[in-house]
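Note sheet for the following structure.
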């Protein structure tokens, strides 16, 4: 009888120990399941066991991720476009210069000066676009990607982010294209790049050696053939008239050259919005992944 009681008592202890082990083993599993649900659900709709809302990634975190993504692409696109413009600049410049009327070569901007000035302007365009990315992303996100409106399921979250990035790509490419302002930019860049301040005095008041000799002969002839009283009044009008006759011709050459080079640069700058759109869409999975990581990262 005593032996039987001892056996039953031992069985009871074993059963209790087994039940305790199963219970304690199940607790971490429940916590893991709860943690997974918290991680993959919408930040705005998640509540933990204590009844508190789950912490969501801040708007700044999402903005930073997208800004880095767009800034990287804009920088790469502008570097590629700038390199292509430089590769084409020398040939285009010399081709246009070859077909212009000669006789004022000492007044024209040199190729190195043109390329240097062009590079400075393109660097400003590139810097301006990069500086514009963050403000545009911040304002566009308020309309396209409001964090508080995300659905609770992981699939809905992915779909929402994917659609938002598509719209953001289109919107940002269009806005950056407007900032470039191709028509005005091409005209200003070329007009300023074709002006070499070192030779500006030559372009406005000094002619070739042959023309200077002809002007000197005209002055001397007028001096010896006219009465002394009229020498002073006749000398400067002769020079002034001759120089003024040359200026319209020189301005016409400059205008034609600037017009052709402006069209050339315009054709390059007008490609920027389209290239940005293609590159944004080609790499949009990077943007989607970056945003999802902000939402799904473990706390």
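In mature numbering (1 follows the signal peptide of the UniProt record, and there is no 0), the protein residues as written are -26 to -1, 1 to 273. We treat Cβ as the ideally placed atom computed from N, Cα and C, and that holds for glycine.
What distance in whole Å lies between the Cβ atoms of residue j and residue i, which are believed to be in contact at a cut-off of 8 angstroms?
i: residue 55; j: residue 245; result: 7 angstroms
i: residue 138; j: residue 118; result: 5 angstroms
i: residue 47; j: residue 254; result: 6 angstroms
According to DSSP, is residue i part of a helix, a strand, or is it coil?
i: residue 85; result: helix
i: residue 36; result: helix
i: residue 71; result: helix
i: residue 53; result: helix
i: residue 100; result: helix
i: residue 110; result: helix
i: residue 244; result: coil
i: residue -4; result: In this predicted model, residue -4 has a pLDDT of only 46, less than 50, meaning its place in the structure is not dependable; the value taken from the coordinates is given anyway. Residue state, collapsed to three classes: helix.
i: residue 273; result: Because residue 273 sits at a pLDDT of 45, beneath the cut-off of 50, its placement in the model cannot be relied upon, and the following sentence gives the value as read from the coordinates. Here residue 273 sits in coil by DSSP.
i: residue 29; result: Bear in mind that the predicted position of residue 29 carries a pLDDT of just 43, short of 50, making it unreliable; the figure below should be weighed with that in mind. Of the three classes helix, strand and coil, the one that applies to residue 29 here is coil, per DSSP.
i: residue 169; result: coil
i: residue 230; result: helix
i: residue 257; result: coil
i: residue 155; result: coil
Distance, Cα to Cα, residue i vs residue j?
i: residue 156; j: residue 242; result: 9 angstroms
i: residue 112; j: residue 144; result: 15 angstroms
i: residue 266; j: residue 53; result: 29 angstroms
i: residue 38; j: residue 66; result: 41 angstroms
i: residue 249; j: residue 151; result: 10 angstroms
i: residue 35; j: residue 235; result: 44 angstroms
i: residue 101; j: residue 49; result: 9 angstroms
i: residue 344; j: residue 110; result: This structure leaves residue 344 out entirely; the chain is present only between -26 and 273.
i: residue 262; j: residue 132; result: 8 angstroms
i: residue 169; j: residue 57; result: 22 angstroms
i: residue 95; j: residue 268; result: 38 angstroms
i: residue 114; j: residue 98; result: 24 angstroms
i: residue 43; j: residue 149; result: 16 angstroms
i: residue 89; j: residue 130; result: 52 angstroms
i: residue 167; j: residue 72; result: 18 angstroms
i: residue 69; j: residue 86; result: 15 angstroms
i: residue 256; j: residue 158; result: 29 angstroms
i: residue 252; j: residue 33; result: 26 angstroms
Output yes if chain B places a C-beta closer than 9 angstroms to the C-beta of residue i; else output no.
i: residue 159; result: The structure shown contains no chain B; it holds only a single protein chain.
Confirm, please, whether the CB-CB distance from residue j to residue i is below 9 angstroms.
i: residue 45; j: residue 108; result: yes
i: residue 140; j: residue 239; result: no
i: residue 316; j: residue 161; result: In the structure as shown, the chain starts at -26 and stops at 273, and residue 316 therefore has no counterpart that could be examined.
i: residue 153; j: residue 84; result: no
i: residue 92; j: residue 61; result: no
i: residue 103; j: residue 264; result: no
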